[in-house]
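Right, one structure below, let's go through it.
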Amino acid sequence: MHKTHTTNTPSSLSSRRARTLAVVTAVGLLGGGALAQPAWAAVPEGPTEHTTLGLTGAQVMTHLAELAEISESYADEGYRTWNGPGYEASAAYVEQAIEATGAFTVERQVFTVDDVIEGPVTVTVGGVALVGGHMINAEGTAEPLVGAPLAAPAEEEGGRLGCDPASFTDIPAGSVVVVQRGVCAFGDKVANATAVDAAAVLIANNAPGLVENGTVGDRNTSSAPAASLTPEDGAVLFDLIAAAQGAEQPAPTADVVIEKEFVAVPTFNVIAESIAGDPEDVVVIGAHLDGVDAGPGVNDNASGSAALLALADQVAAYEFPNDRKIRLAFWGAEEIGLLGSTHYVTDLAENDPAALERISAYLNYDMIGSDNYTVGVYDADQSTFEAPVTVPEGSIALEAIFTDFFDGVEQPWVDSEFSGRSDYQAFIEAGIPAGGLFSGADTVKTEEEAAIFGGTAGEPLDSNYHRPTDTLENVNRESVDAFAPAIGWAAHVLAWELVDAQPPVSPEPTDPAVPSPEPEPTGPGAEPTTEPVETVTPAPAAGSGRGDLATTGGSSVAPFALAAGVLLMGGVVVSAFAASRHRRTRSES
Ligand SMILES: [Zn+2]
Numbered sequence: 001m002h003k004t005h006t007t008n009t010p011s012s013l014s015s016r017r018a019r020t021l022a023v024v025t026a027v028g029l030l031g032g033g034a035l036a037q038p039a040w041a042a043v044p045e046g047p048t049e050h051t052t053l054g055l056t057g058a059q060v061m062t063h064l065a066e067l068a069e070i071s072e073s074y075a076d077e078g079y080r081t082w083n084g085p086g087y088e089a090s091a092a093y094v095e096q097a098i099e100a101t102g103a104f105t106v107e108r109q110v111f112t113v114d115d116v117i118e119g120p121v122t123v124t125v126g127g128v129a130l131v132g133g134h135m136i137n138a139e140g141t142a143e144p145l146v147g148a149p150l151a152a153p154a155e156e157e158g159g160r161l162g163c164d165p166a167s168f169t170d171i172p173a174g175s176v177v178v179v180q181r182g183v184c185a186f187g188d189k190v191a192n193a194t195a196v197d198a199a200a201v202l203i204a205n206n207a208p209g210l211v212e213n214g215t216v217g218d219r220n221t222s223s224a225p226a227a228s229l230t231p232e233d234g235a236v237l238f239d240l241i242a243a244a245q246g247a248e249q250p251a252p253t254a255d256v257v258i259e260k261e262f263v264a265v266p267t268f269n270v271i272a273e274s275i276a277g278d279p280e281d282v283v284v285i286g287a288h289l290d291g292v293d294a295g296p297g298v299n300d301n302a303s304g305s306a307a308l309l310a311l312a313d314q315v316a317a318y319e320f321p322n323d324r325k326i327r328l329a330f331w332g333a334e335e336i337g338l339l340g341s342t343h344y345v346t347d348l349a350e351n352d353p354a355a356l357e358r359i360s361a362y363l364n365y366d367m368i369g370s371d372n373y374t375v376g377v378y379d380a381d382q383s384t385f386e387a388p389v390t391v392p393e394g395s396i397a398l399e400a401i402f403t404d405f406f407d408g409v410e411q412p413w414v415d416s417e418f419s420g421r422s423d424y425q426a427f428i429e430a431g432i433p434a435g436g437l438f439s440g441a442d443t444v445k446t447e448e449e450a451a452i453f454g455g456t457a458g459e460p461l462d463s464n465y466h467r468p469t470d471t472l473e474n475v476n477r478e479s480v481d482a483f484a485p486a487i488g489w490a491a492h493v494l495a496w497e498l499v500d501a502q503p504p505v506s507p508e509p510t511d512p513a514v515p516s517p518e519p520e521p522t523g524p525g526a527e528p529t530t531e532p533v534e535t536v537t538p539a540p541a542a543g544s545g546r547g548d549l550a551t552t553g554g555s556s557v558a559p560f561a562l563a564a565g566v567l568l569m570g571g572v573v574v575s576a577f578a579a580s581r582h583r584r585t586r587s588e589s
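And the structure:
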């Protein structure tokens, strides 16, 4: 239920605020809202302090249980894997839940995934079938090759490597060329053979077995088909070729089948957008909805998806409409290469760059209920982990929103590597500030983390990661309870503007997640200041003192002081985004 507020727009409000209010009023009228009530004049037109939106772990668990049940019911069809019926059913649940809020519109964004259907690879010589292996992005044989002559490139330093185009000059067109792995790229060998119109290329491994995950580079449909062979089978073919050459006999022949089909498979993201909020300023909050086919994926990542649904419920129920647009993204095909989020950003960059510019922040939630969890915050300021990616500047302010919140409620937290290995990657590559939370996957828990969060040192943070045991039962409720209010808080800080910069006369009732302790004017974030964000919200140094956060001498942050500190930070966040947008504009010109 979306309450509406206020009709009496003071002239001091910004035009953005006035626009938002006008929209809300219209919605209220359509919904038959009781606008004639005289009490509205006393109602403030927006929040005066930031809240968690009342978002709790229990609300997340309600949606998580539904998604878990759907996923389990498709156990025989790949659970919630990107192209399976479990993904479709999960998306239908998401759409229905979003529609039910009444505060969001929802649609699917369809895209295609280049997929490969692989069949057998056989090389039959003298009635004996050798089994080969597929190479990534290599072509297959359109028709089986029958009685094709075998050939090898001239000896180079290190063997018949096929790295030098000149080694192929004696090879007749239509040959099946056998080369050894090594020295140059697979793609170079295939290109050299293609240049002499080879019918196929067989690459003999120089390590035991077939070549695993070997790629020929970008796909080139005019390349000769290619596959790998074991070193032993390669040696058999080289011996046959050499023997025929030595005896000045015709080349030996082979039948070759490399069965492979490239297909474009449609899938989709589910994108929900708040009806309220300034369309010129959009906060995108995302979680991947797809899972792996090895397990139900309840923590990875029904948990983040359920958090987005609970957030949508709370946005709709909240007393005040959001000032900025909130766009919730349920990404598809994350597990096979971040494809949904990458498509989303690439599509905007190509077809609607202005819409990309309107995104002021991206928040990512991928796994929030790991069984052996830590409360991880993406380390945008790189205080613990040097990021292997370029981190947009505003990301540091986003990290501080989370860390300030956790500090304020005395919830210990740790840095999580800002690695670009989840759906925020495409956003940061586009220069959009990003942040998020992560309860951990296959990284092993340290002694220090076990001392802070409990759990088991030396074990993975999520022992069920990508396994059949990633079930509802194995989701750590304590973790979900810790993450949920922070997710609400961050959305509130970013998508709402406070209407009153002054501390309220009497603190509003606070969320249960926020303690109401004794006032402590020197607590973190307590003192209004105009200093840069780095000094306003110092993050704890790497590995230092986080375990002590729960023991700050029995004192804590007064509710209004916490609100004041974050209010100020919100201002810094907004200005940091403005700077970022200019930077991006310059880099595009
Ligand atoms: Zn994930």
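Residue numbers (the UniProt record's numbering): 1 to 589. Built from N, CA and C at the ideal position, the CB exists for glycine as well.
Neighbourhood of residue i by C-beta distance below 6 Å, restricted to the same chain and skipping five residues each side
{"i": "T194", "result": "S223, A224"}
{"i": "E248", "result": "none"}
{"i": "G147", "result": "T253"}
{"i": "A91", "result": "V270"}
{"i": "I98", "result": "F104, V106, A272, A312"}
{"i": "A287", "result": "N301, G304, S305, L308, Y365"}
{"i": "P149", "result": "S175, A251, T253"}
{"i": "G46", "result": "F320, V499"}
{"i": "T535", "result": "Bear in mind that a pLDDT of 30 at T535, under 50, signals an unreliable position, so the number given afterwards is only what the model happens to contain. Cβ neighbours of T535 beyond the five flanking positions: none."}
Continuous alpha helix (DSSP H) stretch holding residue i: start and end
{"i": "R477", "result": "477–495"}
{"i": "L348", "result": "339–351"}
{"i": "D404", "result": "395–408"}
{"i": "S303", "result": "303–317"}
{"i": "D188", "result": "186–195"}
{"i": "S71", "result": "57–73"}
Residue i, enclosing beta strand (DSSP E) - first and last residue
{"i": "F253", "result": "It should be noted that the sequence gives Thr, not Phe, for residue 253. T253 -> beta strand (DSSP E) spans 253–274."}
{"i": "L229", "result": "226–229"}
{"i": "P149", "result": "145–151"}
{"i": "Q180", "result": "176–180"}
{"i": "N364", "result": "359–365"}
{"i": "V201", "result": "200–204"}
For residue i, the residue or residues it bridges with in DSSP
{"i": "H288", "result": "W331"}
{"i": "D115", "result": "V263"}
{"i": "H134", "result": "A227"}
{"i": "V283", "result": "I326, A361"}
{"i": "L437", "result": "Y365, V377"}
{"i": "T122", "result": "V131, V257"}
{"i": "S416", "result": "Y378"}
{"i": "D278", "result": "R324"}
{"i": "V391", "result": "Looking at the DSSP assignment, V391 forms no beta bridge with any residue, so it has no partner."}
{"i": "E139", "result": "P225"}
{"i": "T169", "result": "Bridge partners of T169: none, in fact."}
{"i": "G159", "result": "E156"}
{"i": "V110", "result": "F268"}
Same chain, Cβ closer than 8 Å to residue i, neighbours up to 5 away in sequence not counted
{"i": "L64", "result": "V298, A302, S303, A306, G369, L472, V475, V480"}
{"i": "N464", "result": "G295, N299, D371, D470, T471, N474"}
{"i": "A244", "result": "P250, A251, P252"}
{"i": "P38", "result": "Residue placement at P38 is flagged as unreliable, the pLDDT there being 42, under the threshold of 50; the coordinate-derived value follows with that caveat. Taken in chain order, the list of residues that qualify is empty."}
{"i": "V179", "result": "A152, P153, R160, L161, G162, K189, A193, V201, L202, I203, A204"}
{"i": "S71", "result": "Y79, R80, G86, S90, G291, P296, G297, V298, A302"}
{"i": "P460", "result": "N372, G440, A441, D442, T443, V444, K445"}
{"i": "D379", "result": "F385, A387, E399, D415, S416, E417, F418"}
{"i": "A129", "result": "T122, V123"}
{"i": "Q382", "result": "V391, F418"}
Spatial neighbours of residue i in its chain, beta-carbon cut-off 7 Å, leaving aside the 5 residues before and after
{"i": "E66", "result": "Y93"}
{"i": "S228", "result": "G132, G133, M135, I203, N205, L210, V211, G214"}
{"i": "D313", "result": "Q59, T101"}
{"i": "S167", "result": "P153, A154, E156"}
{"i": "S274", "result": "A103, F104, V315, N322, K325, I326"}
- Query: Around ligand 1, which residues pass a check of Cβ closer than 5 Å to any of its heavy atoms?
  - Reply: Output, sorted by chain position: D300, N301, D366.
- Segments of 4+ residues assigned as alpha helix (DSSP H) that fall wholly inside the stretch 79–108: Listed in chain order, they are 85–101.
- Item | Any beta strand (DSSP E) of 3 or more consecutive residues that is wholly inside the stretch 421–467 | Residue ranges of uninterrupted beta strand (DSSP E) with 3 or more members, entirely inside the stretch 421–467 and ordered along the chain, are 434–438.
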